[in-house]
Amino acid sequence: MLQKKENQALKYDKGAGEFKNWLISETYFNPEALGKVEAAFSLGNGYMGLRSATEERYPNEVRGNFVAGTFNKFLGDKEVTELPNAADMTEMTFTLNGTTFQLTTGEVLYFERTLNLKNAELSRHIHWRSPYGEEYKLTFSRFVSLDNKHIIAQKVTITPLSGDLNLKLNSSINGQMTNTGTQHFKEGVMRLYNQKIMKLEARTNESNIDFTHFARHEFTLENNVFTPKNTIFMDRRKIFMTFEPETIKKNETITIEKISGVYTSRDKDWQNADTALATFSSTANYDTLFDAHRSAWKNNVWEQYPIQIEGVDFDQLAIRFAVYHLTCMTPAHDNRMNIGAKGLSGEGYKGHAFWDTEIFVLPFFTTSNPKVARQLLEYRSLSIPGAVRKAKENNYQGAMFPWESAWLEDGEVTPIWGAADIITGEPTKIWSGFIEQHITADIAFAVWQYYQFTDDQDFMEKHGYELIFATAVFWQSRLEEKDNRYEITGVVGPDEYKEHVDNNAFTNYMAHWNLEKAIHYYDLLQQENPALLKALSDKWDLKTNYQKWQEKSAKLYLPQPNSELVIPQDDTYLSKKIIDLTPYKAASQVGALFLDYNLDQVNDMQITKQADVMILLYLLENEFSPEVKQANWDYYEPKTLHDSSLSRATHSILASDLGDKDLAYSMFEKASRIDLGQNMKSSDAGIHSASIGGIWQVVVNGFGGVRMLDGKLYLHPQLPEKWTGLKFPIYWKGSRLLVHITKNALEISNLSNKDALLTLHGNEITILANSTTLTTI
Ligand code: BGC
């Protein structure tokens, strides 16, 4: 019998003292909603991401361990490359006096599973009565080390409460994992070393990446380390050991540690399986590893991003949850890798990177950890060859970036077929890989944003200018001449419920912005670095392109606000049918609309999936008046279903800009609950990276009012009524600033040796190096 369900599965207020607003707890075990906790409580370090499936197995579980960048493509042309599910090293089956420990049998007298964000440790506390009435206390803890990126550490304690215990443990490295049925690995060597370390090797079957997994165990009874009787077994793609300690007396506690490691030939320092074994053999025990892991989180994460919301406990937890996942999802160790739309927390979107990185996640790193932002942009620079190939395949020039990206050379990896069409009964064609083209300008935009924040000239010379030029070369080749103007027809804009539209406002404006920036930097380099310009010109034929940029940019059609100040989302949107969206807006699951209509029908209605014109008004905000912003909000928001998780954050920021604090806050409340809230089905395929990056943007760019416009930093704080304070760091042109906003004061500390210039509520101020400025607001 499972324990009684409390009203809410997740609790946010269990943390006290140094852990106040750091803990998220699941209060009863719900075998029907395993996916939520597996993803939302997932552990990771950017090298790998481990779903928080339990040690013992359940029918509805989706176990997953994903190593960044290890893409593999299986079934020939039918499938696209994806991040394979590596062998599971966490499985442990406990047999207690002959009964397998399972929370769906016997009686759960107490259960709590907690993710501690501060220490990035997951724990479970259980009091279980077996079907035969025997009672046990069990605790489980685990972490994925931030200090040693290859390591997963688990610790289990078992205390028999009603009599002695004969324990049998079966613990494995299980390479039978699949990605929803697809096996990505060829079977490799399995071996036990020194009666202790299990090894399982595997190789991806198309990309030929070698994986080596190890696991070892340590047993302690009442503080005495011992080696129980054990046996090794090998099965297909699976190596496991059974352990049978001597009888454990009533009330004695046995502790079992399992330390596992994964190494792959994608690692920059990879040599071979033997060197990996030598490295793994020297790893310490749980507690020592944990100390190093905890210090890494303290020093590299929480001290690096000391973001604080005062006034609402949940909001403080939510921003920490965001920073936690931003850390877990980001392969900050390797510039050949990027961030998946579900991070490393599930199979959703196959580990692919989208515009989610540049527009939604990158601002966090650009502003708070520019080194990582640079690496993520370098990934785009290193993937230029794939973008050039895509352009050529489509008869364009320059770099046409893939809508979905995986490994550097892969080019476009968007799947072609998606969900079932309820009318035709056939799979729906996914057009984004062919015609969702705004990503090319989004990448150029992120490059420019990074440069403005950091003044990183070295990056610009090695990567940035080329990215801006190569993308502009694409756009000039993409534009179509019609009636003495240039247009972009047949695209999908951010609103993916409208396919094959002409002149999507967001796409046209961003393309125009991209062309103008290329012209600007061409002029600048001509003056300041003609040698670099010459090298880039030779590669990209910039002389010819420069002429074309000038001519075409000036004549590129930019949809203007109509008499009601509404910017047409595309050429036909405003003439389409309007239907009552109330039931769909109220639905608890996204995509409810598609239970009634298919995409062709939705294409003919004024229904928007997510921020489209709205994101334009945010990114290029100084090109539009407050009246235009308000009119467009009033027009589009009621027609927007927010069916993409990245929509609400943008709307919240715009609501702040429009001065509607309550609306901004209610949008934030919804955005911050997408993964962290009580909807137990929202995160099954993984957490929503863009939404999580968006939460940070709402806090810092929305309520904190931080904006970079035309190369200047502006601050216009507008705290929600319920907040009493907000603290966050920003890097601005080489200075590290710590901003503390309260109801009526603003304190900015410059923690660096360089003065910082910014505009506060319209007035320019200088924050002197190593000093603090206090102003009333
Ligand atoms: C959204 C895209 C987004 C993708 C990955 C889609 O549902 O419409 O804007 O890039 O999800 O998060």
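Heads up, the working numbering is the position in the sequence shown plus 152, with the first residue counted as 1.
Backbone N, C-alpha and C fix where the C-beta goes; we use that ideal spot for every residue, glycine too.
Q: Take P872 as the anchor and find which of H664, G463, N331 and F605 has the nearest alpha-carbon.
A: Here residue 872 refers to the residue found at position 720 when the sequence shown is read from its first residue. Nearest option by C-alpha distance: G463.
Q) To the nearest angstrom, how far is it from the Cα of A206 to the Cα of A367? A) Your numbering for residue 206 matches position 54 in the sequence shown. Your numbering for residue 367 matches position 215 in the sequence shown. It is Thr, not Ala, that sits at residue 206 in the sequence shown. If I take the Cα positions, the gap works out to 17 Å.
Q: Could you name the residues of the same chain whose beta carbon sits closer than 8 Å to that of D508, not counting the 5 residues immediately before and after it, in chain order?
A: Here residue 508 corresponds to residue number 356 of the sequence shown, with the count starting at 1. So the list reads I491, A493, L798, S841, A842 and G845, once near-sequence residues are dropped.
Q: For P646, verify whether its CB is less than 7 Å away from any heavy atom of the ligand BGC.
A: If you number the sequence shown from 1, residue 646 lands on position 494. Yes - the ligand BGC has a heavy atom lying nearer than 7 Å to the Cβ of P646.
Q: On the DSSP bridge assignment, give the partners of K634 in chain order.
A: Within the sequence shown, the letter at position 482 stands for residue 634. DSSP lists R637 as partners of K634.
**Q.** Assigned secondary structure, A505 (DSSP; H/G/I helix, E/B strand, else coil)
**A.** By one-based count along the sequence shown, residue 505 stands at place 353. In the structure shown, A505 sits in a strand (DSSP, three-state: E or B).
Q: Could you have a look at D486 and say whether DSSP puts it in helix, strand or coil?
A: Numbered from 1 along the sequence shown, position 334 holds the residue referred to as residue 486. Looking at D486 - three-state DSSP - the assignment turns out to be coil, as it is neither helix nor strand.
Q | Simplified DSSP assignment, three categories, for D362 | A | On the sequence shown, position 210 is the one that residue 362 refers to. Three-state DSSP puts D362 in a strand.
Q | Cβ contact (3+ pairs, closer than 8 Å) linking the segment 396-411 and the segment 357-377 | A | yes
Q: Grab me the residues of A444's own chain with a C-beta within less than 6 Å of its C-beta, minus the 5 sequence neighbours each way, in chain order.
A: For this step, residue 444 is matched to residue 292 along the sequence shown. If we look at A444 and ignore the five residues flanking it on each side, its Cβ neighbours are D299.
Q. For Q721, is the beta carbon positioned less than 7 Å from some heavy atom of the ligand BGC?
A. Your numbering for residue 721 matches position 569 in the sequence shown. Checking the Cβ of Q721 against the ligand BGC gives no.
Q: Return the bridge partner residues of E208 from the DSSP annotation.
A: Translated into the one-based positions of the sequence shown, residue 208 becomes position 56. Paired residue(s): none; E208 is not in a bridge.
Q: Measure the alpha-carbon distance for E561 versus Y531 and round it to whole angstroms.
A: Stepping through the sequence shown from its first residue, residue 561 is reached at position 409. Stepping through the sequence shown from its first residue, residue 531 is reached at position 379. Cα to Cα, E561 sits roughly 11 Å from Y531.
Q: Tell me the start and end of each unbroken alpha helix (DSSP H) in the segment 428-487 that is at least 4 residues and wholly inside, in chain order.
A: 438-448 and 465-481
Q: Can you grab the Cα-Cα spacing for the pair I384 / S297, in whole Å?
A: Taking the first residue of the sequence shown as 1, we reach residue 384 at position 232. Taking the first residue of the sequence shown as 1, we reach residue 297 at position 145. Distance between the alpha carbons of I384 and S297: 27 Å.
Q) Between which two residues does the alpha helix (DSSP H) carrying Q830 extend? A) The sequence position of residue 830 within the sequence shown is 678, counting from 1. Careful: Q830 lies outside any alpha helix (DSSP H) and carries neither H nor E.
Q) Apart from the five residues on each side of it in sequence, which residues of its chain come closer than 6 Å, Cβ to Cβ, to V524? A) Residue numbering aside, residue 524 sits at position 372 when the sequence shown is read from its first letter. Around V524: A484 and F517.
Q: From the DSSP output, in three-state form, read off E409 for me.
A: As a position in the sequence shown, residue 409 is number 257, starting the count at 1. E409: strand per DSSP, three-state reduction.
Q. So what's G196 in DSSP terms, helix, strand or just coil?
A. For the purposes of this step, residue 196 is taken as residue 44 along the sequence shown, with counting starting at 1. Of the three classes helix, strand and coil, the one that applies to G196 here is strand, per DSSP.
Q. Can you tell me the Cα-Cα spacing of A624 and E703, whole angstroms?
A. Residue 624 sits at position 472 when you count from the first residue of the sequence shown. Residue 703 sits at position 551 when you count from the first residue of the sequence shown. For A624 and E703, the distance between alpha carbons rounds to 13 Å.
Q: Taking the CB atoms as reference points, tell me whether V754 and L745 lie closer together than 8 Å.
A: Residue mapping note: residue 754 aligns to position 602 of the sequence shown, counting from 1. Residue mapping note: residue 745 aligns to position 593 of the sequence shown, counting from 1. Yes, these two residues count as a Cβ contact at 8 Å.
Q: Give the C-beta separation of K289 and E396 to the nearest angstrom, bearing in mind that I take them to be a contact with Cβ-Cβ under 8 Å.
A: Here residue 289 is taken as the residue at index 137 of the sequence shown, counted from 1. Here residue 396 is taken as the residue at index 244 of the sequence shown, counted from 1. Their Cβ separation, rounded to whole angstroms, is 21 Å, which puts K289 and E396 out of contact at 8 Å.
Q) Based on the DSSP secondary-structure assignment, which residues constitute the bridge partners of E273? A) As a position in the sequence shown, residue 273 is number 121, starting the count at 1. In DSSP, E273 forms a bridge with N268.
(Q) According to DSSP, S293 sits in a beta bridge with which residue or residues? (A) Along the sequence shown, one-based indexing puts residue 293 at 141. S275 and K307.
Q | Rounded distance between the beta-carbons of I587 and V644, thought under 8 Å | A | On the sequence shown, residue 644 is found 492 positions in, with the first residue counted as 1. On the sequence shown, residue 587 is found 435 positions in, with the first residue counted as 1. Contact holds; Cβ gap of about 5 Å.
Q | Alpha-carbon to alpha-carbon, N424 and E243 | A | For the purposes of this step, residue 243 is taken as the residue at position 91 of the sequence shown. For the purposes of this step, residue 424 is taken as the residue at position 272 of the sequence shown. Distance between the alpha carbons of E243 and N424: 26 Å.
Q: Mind checking who R888 pairs with in its DSSP beta bridge?
A: For the purposes of this step, residue 888 is taken as residue 736 along the sequence shown, with counting starting at 1. Beta-bridge pairing links R888 to Y883.
Q.
Closer than 7 Å to a non-hydrogen atom of the ligand HEM - does that hold for the CB of W507?
A. Looking for the ligand HEM in the displayed structure turns up nothing; the ligands present are the ligand BGC.
**Q.** Under the three-state DSSP convention, the category S824 falls into
**A.** Here the question's residue 824 lines up with position 672 in the sequence shown. Three-state DSSP puts S824 in coil, outside helix and strand.
Q | Burial state of N915, where buried means 16 or more other Cβ atoms lie within 10 Å | A | In the sequence shown, residue 915 corresponds to position 763, counting from 1. That one is exposed.
Q | Close-in-space but distant-in-sequence residues of the same chain around Y501 (CB under 7 Å, 5 per side omitted) | A | The residue labelled residue 501 in the question sits at position 349 within the sequence shown. Cβ within range, chain order: G492, A493 and K494.
Q: Using the Cα positions of F292 and M766, report the straight-line distance between them to the nearest angstrom.
A: Taking the sequence shown and counting its residues from 1, one reaches residue 292 at position 140. Taking the sequence shown and counting its residues from 1, one reaches residue 766 at position 614. Rounded to the nearest angstrom, the two C-alpha atoms are 46 Å apart.
Q. Would you call the CB atoms of M662 and V414 closer than 8 Å?
A. Taking the sequence shown and counting its residues from 1, the one referred to as residue 662 is at position 510. Taking the sequence shown and counting its residues from 1, the one referred to as residue 414 is at position 262. Going by C-beta atoms, M662 is not nearer than 8 Å to V414.
(Q) If I follow the unbroken alpha helix (DSSP H) through M329, where does it start and stop? (A) Position 177 of the sequence shown holds residue 329. Counting along the chain, M329 falls outside any alpha helix (DSSP H), and DSSP gives it neither H nor E.
Q: Could you work out which residue in L898, Q830, N896 and N636 is closest to A185 when comparing CA atoms only?
A: Translated into positions along the sequence shown, residue 185 becomes position 33. Of the listed residues, the one whose Cα sits closest to A185 is Q830.
Q) Mind checking whether L564 and P579 have CB atoms under 8 Å apart? A) The sequence position of residue 564 within the sequence shown is 412, counting from 1. The sequence position of residue 579 within the sequence shown is 427, counting from 1. A quick correction: the sequence has Glu, not Leu, at residue 564. Not in contact: E564 and P579 (Cβ atoms no closer than 8 Å).
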